Amino acid sequence: MSASPRITVYVPRDATALALGADAVAQAIAETAQRRGIEVAVVRNGSRGMFWLEPLVEVATAQGRVAYGPVAAADVAGLFEADFLHGGAHALRLGAVEELPWFRQQQRLCFARAGVIDPLSVEDYLAHGGYRGLRNALAMSGTDVVQAVTDSGLRGRGGAAFPTGIKWKTVLDAPAEVDSPTPDPRSRSSKYIVCNADEGDSGTFSDRMLMEGDPLCLIEGMTIAGVAVGARQGYIYLRSEYPHAHRALEAAIANAYEAGYLGANLLGSGKRFDLEVRLGAGAYICGEETSLLDSLEGKRGQVRFKPPLPAIKGLFGRPTVINNVISFASVPIILDRGAQFYRDYGIGRSRGTLPIQLAGNLKRTGLVEKAFGVTLRELLYDVGGGSYSGRPIRAVQVGGPLGAYLPESQFDTALDYEAFASVGAMLGHGGIVAFDDTVDMLDQARYAMEFCAVESCGKCTPCRIGSTRGVEVIDRIRANVDRAANLALLDDLCQTMRHGSLCALGGLTPDPVVSALKHFSEDFAGR
Amino acid sequence: MAATPLPLNPPSRRSADLAPEQARAVAAALDAHRDAPGALLPILHAVQDRLGYVPPETLASIADALNLTRAEVYGVVTFYPHFRRTPPGRRVMQLCRAEACQALGARALEAHAKRTLGIDFHQTTADGAITLEPVYCLGNCGCGPSLLVGRDELHARVTPEAFDALVAAARTAL
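Here the protein sequences line up with chains A and B, keeping their order. Taking my numbering, the leading residue of the first sequence gets 0, the next gets one more, and so forth. Taking my numbering, the leading residue of the second sequence gets 1224, the next gets one more, and so forth.
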């Protein structure tokens, strides 16, 4: 036994994989190997994004990585019997992940390493193309780095789809008044890089998966931003609901410091960039960038008036680049392969790829990264395999709790920011939630108002009061009280919220409500 | 929230008035974070991580240390749903209410949880075992309904039966 080389086995530590029992599987593999006197190294990777196959175990064999899934702890003894450590035949054997049809039809740029590497290992990250982007950026001027990001066509992946390069250029051009007094004297930097990792939209989990599966990619993207615009301090504002991502980020940041990829002298360039994780505290509104900045400053997370833009006057009053996780994590490959490489993916003004999250009532849920342009129908049926319950898919909500509900007649809409806008919907952060025909769309509309009431920051009246009144009006419609008058009132209320709210929470809450009314009016017909 | 509101103008309290464990938690949190820019949230997290909640009587010391008014600190604590002002039960169960989980039966699970535990959201069972909280997304949207037990024990595809088993396990755990 002593002559046999150490075999590497991958068992995900992704939160969804853990929720499906991955820890017990990892433990069973380690224990069984020890009992059998076999040397096994268990690497806790991220998820490959195929949740119906989680926990997905991969073994590094002479013929490449062989996957088995979904593996339960009770399957482990049988896998050893089948000699899975050498790719042996077994009912759960899937072969190479890259050859699975679900995986093969993707274009993984941002998620190229997620699920492949040890997420916390700088060495593994480097072996898979990591930090080539930063190396290039350090050899370029800030202006050239920003130009590359602009040329790539990358737009903010958090949902607003604002061109990332334009935002960076504003911060680059903003004067860094190092000596001017700031609202907080402990402010350490003249400009800041802030990552919005407050991924609160239901149906979205790509930020979480990236932070758990390839956190160094986010760290590299933020470091490139710091080098480009001249910021020395970065913060990742992470929601407190993501304890596993928190652990992964803290460990990856510590490892990056140790290897010289963060800190006072990036790769010997003499340039400095420091990075810290800050936890949110359960407030959805802190995903709105100005609330997030107030929260980072230690205040109630209330929305700021704009202007001034955060790029001019952001964190602690300083010019601040604030981007979503996926926006930052898309930057390393742009700086590595060039703007044109990234730009060649996608359609229209939506360039590059989008990590799409398939969620809710679908058979094959998970993360699919594809170039823009794929239709909703392809995603729901070809990729997602139809509903989990086996019943017809009746409604789909795209873009989180503020996104419109789409009926079957709109399933041919292509994933493209402008195509979605043209049907009154929004792509947002790329989360797709499917509902079968048991859904009550009046309930969904009521929930949209209720959610807004729970999460409103309270600064503006249309959102704070309107959402509560919205719940009441919908309850009256359900109870058949003055139906016509209350439907008119709901329409009026939605107009007021849409046009009178300070930010997207109050401004977009009408979208799910109005779309439910428009496309599923039968559910509002009284009973 | 079932929490008792603070009096409008509480008498000034110093750390000497705190219970020893509370004083230690506040001192450790201030030591670790008070010099950081925007230190208040990290401090509140550190206190809650240690005590399970942010006792209202700790706010004055925190305010003093950061040169803030107690009203400002109170305003922050009450703004964020994560921060508790009363001690939780032995296990906090956070049940996801958001759309992706609704699409897989979260509404029925929520009704089942409230009925079988005999409590509403933000409440604790009479035996002090379980506190039920709503949560708006745990990022497990592909495999709902989702439930977070304690700090980081995430559960997927939670049926009413699975919920009952988790409750039974939580009740016997301590």
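Virtual Cβ for every residue (Gly too), placed ideally from N, Cα, C. As the structure is a prediction and not an experimental result, all values here were calculated from the model.
Contact under 8 Å by Cβ, residue i with residue j
i, j, result
"Leu1263(B)", "Gly297(A)", "yes"
"Gly402(A)", "Gly372(A)", "no"
"Pro54(A)", "Val96(A)", "no"
"Tyr1297(B)", "Ala282(A)", "no"
"Gly229(A)", "Gly313(A)", "no"
"Phe272(A)", "Arg231(A)", "yes"
"Ile464(A)", "Leu489(A)", "no"
"Gly279(A)", "Arg246(A)", "no"
"Cys1364(B)", "Phe315(A)", "no"
"Ile1266(B)", "Arg1314(B)", "no"
"Ile252(A)", "Leu274(A)", "yes"
"Leu369(A)", "Tyr387(A)", "In the sequence as presented, Leu is not what sits at residue 369(A); that position holds Lys. No, the Cβ-Cβ distance between Lys369(A) and Tyr387(A) is not below 8 Å."
"Cys109(A)", "Gln301(A)", "no"
"Ser514(A)", "Gly423(A)", "yes"
"Leu52(A)", "Leu93(A)", "yes"
"Leu1332(B)", "Val1299(B)", "no"
Residues of its chain near residue i, where Cβ-Cβ distance is below 6 Å and the 5 sequence neighbours each way are ignored
i, result
"Val65(A)", "Val58, Gly86"
"Val56(A)", "Val10, Tyr67, Val70"
"Gln396(A)", "Gly402, Tyr404, Val432"
"Ile192(A)", "Met221, Ala224, Gly225, Ala230, Gly233, Val320"
"Ala29(A)", "Val41"
"Gly152(A)", "Arg342, Arg350"
"Gly158(A)", "Gly427, His428"
"Arg1394(B)", "Ala1352"
Boundaries of the beta strand (DSSP E) in which residue i is found, first to last residue
i, result
"Asn322(A)", "319-323"
"Met1316(B)", "1314-1319"
"Thr495(A)", "From DSSP, Thr495(A) is part of no beta strand (DSSP E) but of the alpha helix (DSSP H) over 482-499."
"Val56(A)", "56-60"
"Cys285(A)", "Looking at the DSSP string, Cys285(A) is not in any beta strand (DSSP E), and its letter there is neither H nor E."
"Ala40(A)", "39-42"
"Glu368(A)", "365-370"
"Asn195(A)", "191-196"
"Ile431(A)", "430-435"
"Ile1285(B)", "Run containing Ile1285(B): none in the beta strand (DSSP E); it sits in the alpha helix (DSSP H), 1282-1289."
"Gln232(A)", "232-237"
"Asp527(A)", "Nothing can be reported for residue 527(A): it is not among the residues displayed for chain A, which extend from 0 to 526."
"Tyr387(A)", "Where Tyr387(A) is concerned, there is no enclosing beta strand (DSSP E), given that its DSSP letter is neither H nor E."
Contact set for residue i: own chain, Cβ-Cβ below 8 Å, skip 5 residues either direction
i, result
"Glu38(A)", "Ser3, Pro4, Arg5, Ile6, Ala32"
"Lys1337(B)", "Asp1343, Phe1344, Leu1355"
"Tyr1359(B)", "Cys1319, Arg1320, Ala1321"
"Leu1340(B)", "Thr1348, Ile1353, Leu1355, Val1390"
"Ala1379(B)", "Asn1363, Cys1366, Gly1367, Ser1369"
Assigned exposure category for residue i - 16 Cβ within 10 Å defines buried
i, result
"Lys305(A)", "exposed"
"Ala1255(B)", "exposed"
"Lys517(A)", "exposed"
"Ala1326(B)", "buried"
"Pro511(A)", "buried"
"Gly36(A)", "exposed"
"Phe523(A)", "buried"
"Asn479(A)", "exposed"
"Glu257(A)", "exposed"
"Gly1367(B)", "buried"
"Asp1240(B)", "exposed"
"Pro1279(B)", "buried"
Boundaries of the alpha helix (DSSP H) in which residue i is found, first to last residue
i, result
"Leu174(A)", "As written in the sequence, residue 174(A) is Pro, which differs from the Leu given in the question. Run containing Pro174(A): none; DSSP gives neither H nor E here."
"Thr31(A)", "21-34"
"Val1270(B)", "1263-1274"
Contact set for residue i: own chain, Cβ-Cβ below 7 Å, skip 5 residues either direction
i, result
"Ala1269(B)", "Ala1251, Ala1252, Ala1255, His1256"
"Arg207(A)", "Ala14, Glu198, Tyr241, Ala244"
"Gln1271(B)", "Val1277, Phe1306, Arg1307"
"Val453(A)", "none"
"Thr508(A)", "Leu401, Ala447, Met448, Cys451, Ser466, Met496"
"Arg34(A)", "none"
"Ala358(A)", "Gly202, Thr364, Gly430, Ile431, Val432"
Evaluate contact between the segment 290-306 of chain A and the segment 159-169 of chain A, counting only Cβ atoms and requiring at least three cross-stretch pairs below 8 Å.
no
Are the segment 112-122 of chain A and the segment 40-56 of chain A touching, with three or more C-beta to C-beta distances below 8 Å?
yes
Sufficient close CB pairs (3 or more, under 8 Å) joining the segment 439-446 of chain A to the segment 414-429 of chain A:
no
Counting pairs of beta carbons, one from the segment 223-243 of chain A and one from the segment 337-347 of chain A, are three or more of them closer than 8 Å?
No contact exists between the segment 223-243 of chain A and the segment 337-347 of chain A.
Is the segment 324-332 of chain A touching the segment 494-512 of chain A in the sense that three or more CB pairs, one from each, lie closer than 8 Å?
no
Cβ contact (3+ pairs, closer than 8 Å) linking the segment 474-488 of chain A and the segment 373-383 of chain A
no
Looking at C-beta atoms only, is the number of pairs between the segment 129-139 of chain A and the segment 327-340 of chain A that lie closer than 8 Å three or more?
With a cut-off of 8 Å, the segment 327-340 of chain A and the segment 129-139 of chain A count as touching, because enough Cβ pairs lie within range.
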